[in-house]
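Peer 1: So the protein lines, in turn, are chains Y and U. Residue numbers for the first sequence follow the numbering used here, so the first one is 12 and each next one is one higher. Residue numbers for the second sequence follow the numbering used here, so the first one is 12 and each next one is one higher. We put the CB at the ideal spot given by N, CA and C, even for glycine. Quick one: the structure is below, questions incoming.
There are 2 protein chains.
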Amino acid sequence: MAATIRDVARASGVHVSTVSRTFSAPHLVNTDTRNRVLAVAEDLGYRPNRAARALTTGRTHNIGLIVADISNPFFPPLIKAAQAHARARDYHVFVADTDEDPLVEEELIQTLAKQVDGVLLCSPRLSNRAIERLHADVPFVVVNRRMKGLPTILMDVGEGARLAIEHLTGLGHRRIALLSGPSGSWTSGEMSAAATAMGGVELVILGPNAPTERGGLAVAAEVIASGVTGVLAYNDLVAIGLIEGLYERDVRVPDDVSVVGVDDIVSGRLNRPKLTTVAMPTAAAGRMAVDLLLQSFGEGATPTLATLDTSLVVRESTGEVRT
Amino acid sequence: MAATIRDVARASGVHVSTVSRTFSAPHLVNTDTRNRVLAVAEDLGYRPNRAARALTTGRTHNIGLIVADISNPFFPPLIKAAQAHARARDYHVFVADTDEDPLVEEELIQTLAKQVDGVLLCSPRLSNRAIERLHADVPFVVVNRRMKGLPTILMDVGEGARLAIEHLTGLGHRRIALLSGPSGSWTSGEMSAAATAMGGVELVILGPNAPTERGGLAVAAEVIASGVTGVLAYNDLVAIGLIEGLYERDVRVPDDVSVVGVDDIVSGRLNRPKLTTVAMPTAAAGRMAVDLLLQSFGEGATPTLATLDTSLVVRESTGEVRT
DNA sequence: TTACGAGCTGCAACCGGTTGCAAGAAACAT
DNA sequence: ATGTTTCTTGCAACCGGTTGCAGCTCGTAA
Numbered sequence: 012m013a014a015t016i017r018d019v020a021r022a023s024g025v026h027v028s029t030v031s032r033t034f035s036a037p038h039l040v041n042t043d044t045r046n047r048v049l050a051v052a053e054d055l056g057y058r059p060n061r062a063a064r065a066l067t068t069g070r071t072h073n074i075g076l077i078v079a080d081i082s083n084p085f086f087p088p089l090i091k092a093a094q095a096h097a098r099a100r101d102y103h104v105f106v107a108d109t110d111e112d113p114l115v116e117e118e119l120i121q122t123l124a125k126q127v128d129g130v131l132l133c134s135p136r137l138s139n140r141a142i143e144r145l146h147a148d149v150p151f152v153v154v155n156r157r158m159k160g161l162p163t164i165l166m167d168v169g170e171g172a173r174l175a176i177e178h179l180t181g182l183g184h185r186r187i188a189l190l191s192g193p194s195g196s197w198t199s200g201e202m203s204a205a206a207t208a209m210g211g212v213e214l215v216i217l218g219p220n221a222p223t224e225r226g227g228l229a230v231a232a233e234v235i236a237s238g239v240t241g242v243l244a245y246n247d248l249v250a251i252g253l254i255e256g257l258y259e260r261d262v263r264v265p266d267d268v269s270v271v272g273v274d275d276i277v278s279g280r281l282n283r284p285k286l287t288t289v290a291m292p293t294a295a296a297g298r299m300a301v302d303l304l305l306q307s308f309g310e311g312a313t314p315t316l317a318t319l320d321t322s323l324v325v326r327e328s329t330g331e332v333r334t
Numbered sequence: 012m013a014a015t016i017r018d019v020a021r022a023s024g025v026h027v028s029t030v031s032r033t034f035s036a037p038h039l040v041n042t043d044t045r046n047r048v049l050a051v052a053e054d055l056g057y058r059p060n061r062a063a064r065a066l067t068t069g070r071t072h073n074i075g076l077i078v079a080d081i082s083n084p085f086f087p088p089l090i091k092a093a094q095a096h097a098r099a100r101d102y103h104v105f106v107a108d109t110d111e112d113p114l115v116e117e118e119l120i121q122t123l124a125k126q127v128d129g130v131l132l133c134s135p136r137l138s139n140r141a142i143e144r145l146h147a148d149v150p151f152v153v154v155n156r157r158m159k160g161l162p163t164i165l166m167d168v169g170e171g172a173r174l175a176i177e178h179l180t181g182l183g184h185r186r187i188a189l190l191s192g193p194s195g196s197w198t199s200g201e202m203s204a205a206a207t208a209m210g211g212v213e214l215v216i217l218g219p220n221a222p223t224e225r226g227g228l229a230v231a232a233e234v235i236a237s238g239v240t241g242v243l244a245y246n247d248l249v250a251i252g253l254i255e256g257l258y259e260r261d262v263r264v265p266d267d268v269s270v271v272g273v274d275d276i277v278s279g280r281l282n283r284p285k286l287t288t289v290a291m292p293t294a295a296a297g298r299m300a301v302d303l304l305l306q307s308f309g310e311g312a313t314p315t316l317a318t319l320d321t322s323l324v325v326r327e328s329t330g331e332v333r334t
């Protein structure tokens with residue numbers, strides 16, 4: 012059995028409370044005593060039980076991070092950044108995957124609620140009202156979804172969509188398809204809104220599509236049928252799948268159709284043609300999400316909205332429209 | 012504040028122990044009483060506090076899953092499978108990423124130790140002795156590393172390497188490079204061992220390489236200099252990076268050099284040329300890891316070794332050697 | 001000398017559950 | 001009528017820590 016605080020107390024001849032304070036409020040205990048306790052603790056291999064501590068303090072020093080799909084390369088950089096940032100602040104991050112299922116998402120949140128101090132909700136698929144309801148159980152920071160009253164981190168994908176479409180029109184494309192994402196996705200709505208608000212272009216919205224290569228593959232025929240010369244995909248995976256689907260039908264990118272993705276995932280930089288895409292500041296978002304959450308534990312309840320800039324990275328999957 | 016067991020007890024006029032049993036041993040409480048308690052609990056929005064329960068039972072019903080790098084597409088299918096499998100058994104999975112750093116790995120294990128019932132160690136970078144030492148703190152199941160005395164799941168990557176090399180020699184390749192992985196990796200050692208044991212082929216081992224696209228990209232020049240016509244890469248990411256690096260130097264795949272990867276990740280199926288690769292049963296490994304861990308909680312301590320078969324998937328990145 | 005404050009430590013209640021034990025009630029057998 | 005069993009419930013200790021309060025010791029100012 013692992014050593015407990017009482018074992019240490021017994022072995023070092025002090026009361027348990029002194030041992031407790033040695034770890035949680037060192038300045039309250041005499042230097043000699045503290046050193047003796049520490050030595051004994053070291054000797055016994057004692058490590059404080061965080062779960063037990065959480066019971067009385069109400070602070071677990073854990074934070075939950077919920078994503079729709081770990082397989083989506085968009086998330087790992089965010090996760091890694093959040094994890095590293097949190098560890099530096101003596102917090103640990105538990106990651107969970109909802110499989111794009113709102114029910115699983117809700118269940119996960121409820122289970123996590125008691126075991127973490129707060130939850131980072133990344134690209135949630137739950138409805139706003141569901142999120143508000145669950146918010147009674149545990150503090151949230153929401154990433155990629157506009158929620159008033161909650162600390163929120165947005166990446167300006169609307170601006171990204173505008174940049175992408177301007178890039179396409181600049182190349183002479185007049186008829187452009189927008190491949191939308193899952194129906195619960197804020198990002199998708201934002202892209203559509205920004206795109207439809209733009210003039211000087213015929214917009215065809217195709218979707219919703221699964222946010223995966225498979226989704227892109229599946230919509231390829233429809234894209235061809237729609238007669239567009241430019242495409243803005245919901246994300247890079249969809250773009251990659253689409254390019255593959257087009258290729259299978261002998262439609263070349265960028266010769267016949269130009270494709271822009273969103274996220275700037277690594278494999279988009281290595282696929283051929285290299286993907287023109289809207290880069291998202293995912294690592295920054297992960298760090299900021301942790302900061303906002305920790306900050307929200309403090310006194311002044313400050314629901315904040317942080318908007319991070321996106322940018323267009325032009326590579327090889329877009330070109331001038333064929334005349 | 013969230014409702015506790017005592018709130019429910021008070022509101023339904025029974026003792027806390029009855030409420031407790033209503034949830035943890037329903038058959039011990041009278042049907043009428045149980046229904047009343049359940050109704051009140053529902054009404055108050057009561058949900059048992061798993062951390063508190065863990066304190067007395069010693070069972071958290073959580074399991075930890077440690078991977079070297081979530082960005083590596085090899086892991087997500089394993090993670091998702093483990094997560095789904097565990098949830099069906101009323102366990103939750105906490106995922107953590109070590110960033111390929113043994114020190115972080117050790118620290119994570121120690122933090123996790125008290126908060127989970129067991130840990131799934133996937134492709135660990137720690138030494139065997141370190142793992143054995145930590146095993147005193149928490150039960151393990153090890154994936155992709157041979158550890159005696161611990162439940163272990165291996166994927167037969169040695170066999171996979173043999174298949175790959177036979178495939179290459181079958182195409183006429185006589186001089187083949189093996190791109191090894193990180194130095195702590197069991198998989199890498201296994202591949203080398205299997206490859207060097209084979210006759211009829213000149214083997215050049217290059218590495219260690221980072222198990223990423225970047226690693227493949229970086230070793231491209233060396234591959235060219237080595238004068239091989241066939242390459243077996245540590246994994247698909249390395250293979251993809253290598254192909255890109257070769258391409259940048261005007262060496263074509265499979266025309267000039269044939270490349271085989273390992274893992275069969277999704278983007279290998281969509282890159283061009285589509286990757287010939289050794290498919291790993293990752294989802295099965297995830298499920299089996301969970302099973303073994305839960306099983307190890309039971310009585311009969313049965314360290315088990317499960318070996319899963321791998322298979323070669325031939326696609327477009329390999330071809331006959333040019334005469 | 002006395003009073004006071006600071007520094008340190010112990011006491012005991014508490015966090016939210018679980019569980020062995022015992023006791024009362026009802027059902028059943030003798 | 002009495003002895004047994006089976007159900008059901010309450011009691012209270014316990015899991016591993018934390019923390020407000022009180023008491024002790026000592027230094028120092030009055």
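For Leu-66(U), would you say it is in contact with chain Y, using Cβ-to-Cβ distances shorter than 8 angstroms as the test?
Peer 2: With 8 angstroms as the cut-off, Leu-66(U) counts as an interface residue toward chain Y.
Peer 1: Spatial neighbours of Val-215(Y) within its chain, please: C-beta separation below 8 angstroms, excluding the five flanking residues on both sides.
Peer 2: Around Val-215(Y): Arg-186, Ile-187, Ala-188, Leu-189, Ser-237 and Val-239.
Peer 1: Strictly by DSSP, which residues pair up with Gly-56(U)?
Peer 2: Answer by DSSP bridge pairing: none, since Gly-56(U) is not bridged.
Peer 1: Does the CB of Asp-110(Y) have a neighbour CB from chain U at under 8 angstroms?
Peer 2: Yes, Asp-110(Y) counts as interfacial toward chain U.
Peer 1: Using beta-carbon positions only, say whether Leu-281(Y) and Gly-272(Y) come within less than 8 angstroms of one another.
Peer 2: Not closer than 8 angstroms, so no.
Peer 1: Assuming Phe-85(U) and Asn-246(U) form a contact by the criterion Cβ under 8 angstroms, report the distance between their Cβ atoms to the nearest whole angstrom.
Peer 2: Sure, about 6 angstroms apart at Cβ, within 8 angstroms.
Peer 1: Suppose only complete runs of 3+ residues qualify. What are the beta strand (DSSP E) ranges in the segment 278 to 319 of chain U, listed by chain order?
Peer 2: Counting only runs of 3 or more, we get 287 to 290 and 316 to 319.
Peer 1: Identify each residue in the segment 131 to 150 of chain U for which the Cβ-Cβ distance to at least one residue of chain Y is less than 9 angstroms, and report them in chain order.
Peer 2: Those residues of the segment 131 to 150 of chain U that come within reach of chain Y (Cβ to Cβ, closer than 9 angstroms) are Ala-147 and Asp-148.
Peer 1: Kindly say whether Ser-307(Y), judged by its beta-carbon, lies nearer than 8 angstroms to any beta-carbon of chain U.
Peer 2: Not closer than 8 angstroms to any Cβ of chain U, the Cβ of Ser-307(Y) fails to qualify, so no.
Peer 1: At 3 residues or longer, and completely inside the segment 85 to 157 of chain U: list those beta strand (DSSP E) runs for me, N to C.
Peer 2: For the segment 85 to 157 of chain U, whole beta strand (DSSP E) runs of length 3 or above, ordered along the chain, are 103 to 108, 129 to 133 and 151 to 154.
Peer 1: When the distance is taken between beta carbons, is His-103(Y) closer than 8 angstroms to Ala-97(Y)?
Peer 2: Contact flag set, yes.
Peer 1: If we cut at 8 angstroms on Cβ distances, does Pro-87(Y) have a partner in chain U?
Peer 2: Taking Cβ atoms only, chain U reaches closer than 8 angstroms to Pro-87(Y), which makes this a yes.
Peer 1: When the cut-off is 8 angstroms and only beta carbons count, does His-96(U) lie next to chain Y?
Peer 2: By this cut-off, His-96(U) is not an interface position.
Peer 1: Any beta carbon of chain Y sitting closer than 8 angstroms to that of Asn-46(U)?
Peer 2: So no, Asn-46(U) is outside the interface.
Peer 1: Please go through the same chain and pick out, in chain order, the residues whose beta-carbon is closer than 7 angstroms to the beta-carbon of Met-158(Y), but skip the five residues on each side of it.
Peer 2: These residues qualify, in order along the chain: Asn-139 and Ile-142.
Peer 1: Give every residue of the same chain whose Cβ lies closer than 8 angstroms to the Cβ of Arg-100(Y), excluding the five residues on either side of it in the sequence, and list them in chain order.
Peer 2: The answer, listed in chain order, is Val-301 and Leu-305.
Peer 1: Would you say Phe-34(Y) and Asn-73(Y) are within 8 angstroms of each other, going by their C-beta atoms?
Peer 2: Contact: no.
Peer 1: Mind listing the chain Y neighbours of Arg-283(U)? Cutoff is C-beta to C-beta under 7 angstroms, in chain order.
Peer 2: Neighbours of Arg-283(U) on chain Y, chain order: Arg-283.
Peer 1: Report buried or exposed for Arg-21(U), applying the criterion of at least 16 other Cβ atoms within 10 angstroms of its Cβ.
Peer 2: So Arg-21(U) ends up on the exposed side.
Peer 1: Can you name, in chain order, every residue of its own chain whose Cβ lies under 6 angstroms from the Cβ of Leu-243(Y), other than the five neighbours on each side?
Peer 2: Hits under 6 angstroms: Ala-175, Leu-189 and Val-271.
Peer 1: Please report whether the beta-carbon of Gly-252(U) lies at a distance below 8 angstroms from any beta-carbon of chain Y.
Peer 2: By this cut-off, Gly-252(U) is an interface position.
Peer 1: Would you list, in sequence order, the uninterrupted beta strand (DSSP E) runs of no fewer than 3 residues that lie entirely inside the segment 156 to 221 of chain Y?
Peer 2: Runs found: 163 to 166, 186 to 190 and 213 to 217.
Peer 1: Measuring CA to CA, which of Leu-137(U), Gly-241(U) and Gly-227(U) is closest to Ile-254(U)?
Peer 2: For Ile-254(U), the nearest C-alpha among the options comes from Gly-227(U).
Peer 1: Beta-carbon within less than 7 angstroms of Gly-256(U)'s beta-carbon, same chain only, minus the 5 sequence neighbours each way: which residues are those?
Peer 2: Contacts found: Gly-227, Leu-228 and Ala-231.
Peer 1: Looking at Arg-333(Y) and Asp-267(Y), is the spacing between their C-beta atoms short of 8 angstroms?
Peer 2: Yes, the Cβ-Cβ distance between Asp-267(Y) and Arg-333(Y) is below 8 angstroms.
Peer 1: Closest to Val-264(U) by C-alpha separation, out of Val-27(U), Arg-326(U), Leu-66(U) and Ala-62(U), would be which residue?
Peer 2: Closest by alpha carbon: Arg-326(U).
Peer 1: Are the CB atoms of Val-289(U) and Gly-200(U) nearer to each other than 8 angstroms?
Peer 2: Cβ atoms of Val-289(U) and Gly-200(U): not closer than 8 angstroms.
Peer 1: Under 8 angstroms between C-beta atoms, does Phe-34(Y) make it to chain U?
Peer 2: No, because no Cβ of chain U sits closer than 8 angstroms to the Cβ of Phe-34(Y).
Peer 1: Looking only at DSSP bridge pairs, what is Ile-77(U) linked to?
Peer 2: According to DSSP, which records beta bridges pairwise, Ile-77(U) is partnered with Ala-107(U) and Leu-132(U).
Peer 1: Rounded to whole angstroms, how far is the Cβ of Arg-45(Y) from the Cβ of Ser-23(Y), which I believe are closer than 8 angstroms?
Peer 2: The Cβ separation is near 10 angstroms, so there is no contact.
Peer 1: In the structure shown, what three-state DSSP assignment does Asp-274(U) receive?
Peer 2: It is a strand residue.
Peer 1: My output table needs one value for Gly-241(Y): the three-state DSSP class, helix, strand or coil.
Peer 2: Note: Gly-241(Y) maps to strand in three-state DSSP.
Peer 1: Between the segment 126 to 134 of chain U and the segment 77 to 84 of chain U, are three or more C-beta pairs nearer than 8 angstroms?
Peer 2: Enough Cβ pairs lie closer than 8 angstroms, so yes.
Peer 1: I need the boundaries of the beta strand (DSSP E) containing Leu-257(U), first residue and last residue.
Peer 2: First-last for Leu-257(U): 247 to 259, but that is the alpha helix (DSSP H), not the beta strand (DSSP E).
Peer 1: Going by other Cβ atoms of all chains shown within 10 Å of its Cβ, with 16 needed for buried, is Asn-155(Y) buried or exposed?
Peer 2: Buried, since its Cβ has 16 or more Cβ neighbours within 10 Å.
Peer 1: Restricting to Cα atoms, I'd like to know which of Leu-303(U), Glu-259(U), Phe-308(U) and Ser-307(U) is closest to Pro-284(Y).
Peer 2: Of the candidates Leu-303(U), Glu-259(U), Phe-308(U) and Ser-307(U), the one whose C-alpha sits nearest the C-alpha of Pro-284(Y) is Glu-259(U).
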